[in-house]
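Colleague: Residue numbers (this note's numbering): 2 to 373.
Quick one: the structure is below, questions incoming.
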Amino acid sequence: MSPRPEEAAMRREVVKRIETVIKDLWPTADVQIFGSFSTGLYLPTSDIDLVVFGKWERPPLQLLEQALRKHNVAEPYSIKVLDKATVPIIKLTDQETEVKVDISFNVETGVKAARFIKEYMKKYSLLPYLILVLKQFLLQRDLNEVFTGGISSYSLILMAISFLQLHPRIDARRADENLGMLLIEFFELYGRNFNYLKTGIRIKNGGAYIAKEEIMKVMTNGYRPSMLCIEDPLLPGNDVGRSSYGAMQVKQVFDYAYIVLSHAVSPLARSYPNRDSESTLGRIIKVTQEVIDYRAWIKKKWGSKINLSPELDNRLKIRDQIAPCNGEQQQKRDSEQSYNQRLALSLATTQQLSSGSSASSVSSLSGSDIVS
């Protein structure tokens, strides 16, 4: 599901059409891309997020809406102005490509978050592949959005970064590590061993698991941490998972994926292969024929307009390394101390606790309290 060059070319055209309308209205306005298209972590059906920076007392939502309608950029029925939302936006579907677009005004948080994610993609070159698989996995179960009972992409990305930060066995920065095994261990951690009731996730300062009581100390207005508690690395006091009311549903499907994939790579499964699945990953991820046809249409129409960026080119070269681990690797894993047992032990060290943690906090975060 990695982005293809022609898909990037198509999306750039969508952005250009909208930017032209915006520049006609406000020549000095600055249009920036953020979200998954900015980071490259988008699926074929993902939205494009744009933010317009300019000097307005109030976001000129209606004015831009009228201009977009006038220039036939969007399908008429698709343009919606959400001026009562926490972040007022214009939602539309591009007329030519059916790509959905969200447009906001003077909101810097999304741009900063995209920049932050890109830095970690440089640090952990396998992060994009892990995220794309996880996003597709949640998408097909309608758990990829907070309002459908799932979690946000930003929460998912921070969970993956934390997983790689605190992985004690491998050098998670290497792209040639077996991504299939990492995927199984991600599902194992967040599907059955992570203690959502007591533990929060911290990304800054190298990463840590911290007691929710510690997070409460920096929360504003007496806010209590959510079930999926992720400290915002860019906005202290903000819990990224605060709106993820369906976090336990996500936990359940992660546990399901762990069971299915663990069985698929077991020695017994190798002796009696499942001929109904094209691949091990195919047991938990399916791509609809509609998406396959859509990608084929994009390739036919935009294949000649490819302008490959160095980042995407490098990612395309090694994307096939997401391969399921074989039986030998599974046996090696079984013979070693399990990932989560070692993770629990590693959490007792002061290096992975916030500097302000008390001795009692260290005790409460060690051992099974953190992961079971």
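Beta carbons are placed, not taken as given, at the ideal position from N, Cα and C, and that holds for glycine.
Please read these numbers as outputs of a predicted model, since none were measured by experiment.
Looking at the structure shown, is Phe138 part of a helix, part of a strand, or coil, going by DSSP?
Modeller: helix
Colleague: Suppose you measure from the CA of Ile80 to the CA of Leu93; what does that come to, to the nearest Å?
Modeller: 4 angstroms
Colleague: Any idea what DSSP makes of Tyr210, helix, strand or coil?
Modeller: strand
Colleague: Whole angstroms are fine: how far does the CA of Ile185 sit from the CA of Lys56?
Modeller: 48 angstroms
Colleague: Out of Ala161, Ser37, Phe106, which one is the CA nearest neighbour of Glu58?
Modeller: When each option's Cα is compared against that of Glu58, the closest is Phe106.
Colleague: Buried or exposed: which applies to Leu131, given that a residue is buried once 16 or more other Cβ atoms fall within 10 Å of its Cβ?
Modeller: buried
Colleague: If you run the structure through DSSP and keep just helix, strand and coil, what is Ser267?
Modeller: In this structure, Ser267 counts as coil in the three-state DSSP scheme.
Colleague: Hey, Gly150 and Gly247: beta-carbon distance below 8 angstroms or not?
Modeller: Yes; because the gap between Cβ atoms is below 8 angstroms, this pair is in contact.
Colleague: Residues bridged to Gln33 by DSSP?
Modeller: Val52
Colleague: So which of His72, Trp27, Gln141 has the shortest CA-CA distance to Thr46?
Modeller: Gln141
Colleague: Given this structure, state the Cα-to-Cα distance separating Val22 from Val74, to the nearest angstrom.
Modeller: Each residue's CA atom was taken as its position, placing Val22 and Val74 some 9 angstroms apart.
Colleague: Three-state secondary structure (DSSP) at Leu127?
Modeller: coil
Colleague: Is the beta carbon of Leu26 closer than 8 angstroms to that of Ala86?
Modeller: no
Colleague: Could you tell me whether the stretch 110-120 touches the stretch 5-12, using the rule of 3 or more Cβ pairs below 8 angstroms?
Modeller: no
Colleague: Is Ala297 buried or exposed, if buried means 16 or more other CB atoms sit within 10 Å of its CB?
Modeller: With fewer than 16 Cβ atoms within 10 Å of its Cβ, Ala297 is classed as exposed.
Colleague: Could you give the first and the last residue of the continuous beta strand (DSSP E) run that contains Val288?
Modeller: Unbroken run through Val288: none, as it is neither H nor E.
Colleague: My assumption, with CB atoms under 8 angstroms, is that Val108 sits in contact with Val16. Please give the rounded CB distance.
Modeller: About 17 angstroms separates the two Cβ atoms, so there is no contact after all.
Colleague: Check whether the Cβ atoms of Pro89 and Pro61 sit closer than 8 angstroms, and answer yes or no.
Modeller: no
Colleague: Given a cut-off of 8 angstroms, decide if Met228 and Tyr257 are closer than it, judged by their beta-carbon atoms.
Modeller: no
Colleague: With a CB to CB cut of under 7 angstroms and the five nearest residues on each side skipped, what residues in its chain are close to Lys205?
Modeller: Pro234
Colleague: Excluding the five sequence neighbours on either side, which residues of its own chain have a C-beta within less than 7 angstroms of the C-beta of Ser339, listed in chain order?
Modeller: Residue confidence for Ser339 is low, a pLDDT of 46 falling below 50, so the modelled location carries little weight; the figure read from the coordinates is stated next. Scanning its chain for C-beta atoms nearer than 7 angstroms, with the 5 sequence neighbours on each side dropped, one finds no residue around Ser339.
Colleague: Start and end of the beta strand (DSSP E) containing Thr200?
Modeller: 200-203
Colleague: What does the alpha-carbon distance come out to for the pair Arg381 and Glu66?
Modeller: The structure shown does not extend to residue 381, since the chain spans only 2 to 373, so no value can be given for it.
Colleague: Buried or exposed for Ile293, going by 16 or more other Cβ atoms inside 10 Å?
Modeller: exposed
Colleague: Using three-state DSSP, classify Ala9 as helix, strand or coil.
Modeller: Helix at Ala9.
Colleague: Which first and last residues belong to the beta strand (DSSP E) in which Ile185 is found?
Modeller: Element bounds for Ile185: not the beta strand (DSSP E) but the alpha helix (DSSP H), 180-189.
Colleague: Go ahead and label Glu120 buried or exposed: buried means 16 or more other beta carbons lie within 10 angstroms of its beta carbon, across all protein chains shown.
Modeller: Glu120 should be labelled exposed.
Colleague: From the DSSP output, in three-state form, read off Leu42 for me.
Modeller: coil
Colleague: Is DSSP giving Asp294 helix, strand or coil here?
Modeller: helix
Colleague: With DSSP run on the structure shown, which of helix, strand or coil describes Ser105?
Modeller: strand
Colleague: Identify which residue in Gln63, Asp50, Val219, Ser153 has its Cα closest to the Cα of Gly111.
Modeller: Ranked by how close their Cα comes to the Cα of Gly111, the residues Gln63, Asp50, Val219, Ser153 have Asp50 in first place.
Colleague: Taking the beta strand (DSSP E) that Ile90 belongs to, which residues open and close that run?
Modeller: Counted as a single uninterrupted DSSP element, the beta strand (DSSP E) harbouring Ile90 occupies residues 90-94.
Colleague: For the beta strand (DSSP E) holding Leu69, just list the boundary residues, first then last.
Modeller: Premise fails: Leu69 lies in the alpha helix (DSSP H), 62-71, not in any beta strand (DSSP E).
Colleague: Taking the CB atoms as reference points, tell me whether Phe54 and Asp84 lie closer together than 8 angstroms.
Modeller: no
Colleague: Report yes if the CB atom of Leu167 is closer than 8 angstroms to the CB atom of Gly208, and no otherwise.
Modeller: yes
Colleague: Name the two residues that bound the continuous beta strand (DSSP E) containing Leu229.
Modeller: Element bounds for Leu229: n/a, residue is neither H nor E.
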